[in-house]
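K.L.:
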Amino acid sequence: MGDQVYLRLRAEVLGTRWSVVDRLTEPKLARSLGVSRTPVREALTRLLADGLVRRHDYGYSVVVPDPATARELYEVRAALELRGISRAVDDPCARHDPEPLEAELARWRDARSVPSGPEFVAADERFHLVLLSSAGNAELVSALEPVARRLRSARVRASAGRARVEAAAREHVEIAERVLAGRLPEAWELLRGHIARAQARVDG
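Residues 40 to 243 in our numbering are what the sequence shown lists, from first letter to last.
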């Protein structure tokens, strides 16, 4: 029950059911979902940790970064992710771990299996975190995780159509293939363009 309520609430928060001005309270959400307040309280605690809601005296509200904040977050995201590749260019001993990256590559090679909407954003986050993690600096990953969480709701609201999802899948494949082949400057350029296009969709 707890996981089901969390997933339903997360879908509503990431979708268009609630806006940033809506007051989300435990009784209101419990009535809406037809459940008791306990699983709602647990779900809200998880959503708070996800960075998708903010706590107030009256309850909670949906978190969506304003355009200026989103641009700043994308600037940080780009710096962290690109550093994962450039550090391997600067230091030949800093090689990427191929095993997790190869597993991600296999998933993204079949663009037809890539989901849309919130599921795509989650899968996309996983790819980028795995790519950075494979670079071997855990602190870069720890820095990227909260940035990704804060951008999540804005990214879902700017979700692209099927054609864009498949284009993103192809870009992931191209980036991963270049990294695994040791063609790091090419991978860096591809990743930079990929992130810039993602930011442009959020900017609208």
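Each residue gets a CB set at the ideal place from its N, CA and C atoms; glycine is no exception.
For GLU120, does the count of other Cβ atoms within 10 angstroms reach 16, so buried, or fall short, so exposed?
P.N.:
Looking at its Cβ environment, which holds 16 or more other Cβ atoms inside 10 Å, GLU120 is buried.
K.L.:
Locate the beta strand (DSSP E) running through ALA100, then write down its first and last residues.
P.N.:
With the sequence shown as reference, residue 100 is identified as Ser, and Ala is not the correct amino acid for it. It spans 99-101 - the beta strand (DSSP E) in which SER100 sits, taken as one unbroken run.
K.L.:
Taking the straight line between their C-alpha atoms, what separation do you get for VAL59 and ASN176?
P.N.:
Going by the C-alpha atoms only, they are around 35 Å apart.
K.L.:
Using 8 Å as the cut-off, can you tell me whether the region 162-177 makes contact with the region 122-129, which would need three or more C-beta pairs spanning the two stretches below that distance?
P.N.:
Flag = yes, the region 162-177 and the region 122-129 touch.
K.L.:
Check whether the Cβ atoms of LEU68 and LEU190 lie closer than 8 Å to each other.
P.N.:
Going by C-beta atoms, LEU68 is not nearer than 8 Å to LEU190.
K.L.:
Going by Cα to Cα distance, which pick from SER192, ARG85, GLU164 is closest to PRO106?
P.N.:
Taking only the C-alpha atoms, the option nearest PRO106 is SER192.
K.L.:
Taking 8 Å as the limit between beta carbons, can you name the residues of its chain near LEU219, skipping five residues before and five after?
P.N.:
So the list reads HIS135, PRO137, LEU140, GLU141, LEU144, once near-sequence residues are dropped.
K.L.:
Are there three or more Cβ pairs, one per stretch, closer than 8 Å when the region 40-52 is compared with the region 75-93?
P.N.:
Output reads yes: the region 75-93 touches the region 40-52.
K.L.:
Alpha carbon to alpha carbon, how far is GLY41 from GLY90?
P.N.:
Going by the C-alpha atoms only, they are around 19 Å apart.
K.L.:
If you follow the alpha helix (DSSP H) that ARG236 is in, where does it begin and where does it stop?
P.N.:
Residues 223-242.
K.L.:
Could you have a look at VAL74 and say whether DSSP puts it in helix, strand or coil?
P.N.:
It is coil, neither helix nor strand.
K.L.:
Would a C-beta distance cut-off of 8 Å place ARG217 and LEU229 closer than the cut-off?
P.N.:
Closer than 8 Å, so yes.
K.L.:
Report the residue ranges of all alpha helix (DSSP H) runs contained in full by the region 77-133; include only those spanning at least 4 residues, in chain order.
P.N.:
Those alpha helix (DSSP H) runs which fall completely within the region 77-133 and span 4+ residues are 106-129.
K.L.:
Can you give me the start and stop residues for the alpha helix (DSSP H) that ARG151 sits inside?
P.N.:
ARG151 -> no alpha helix (DSSP H), and no H or E assigned at all.
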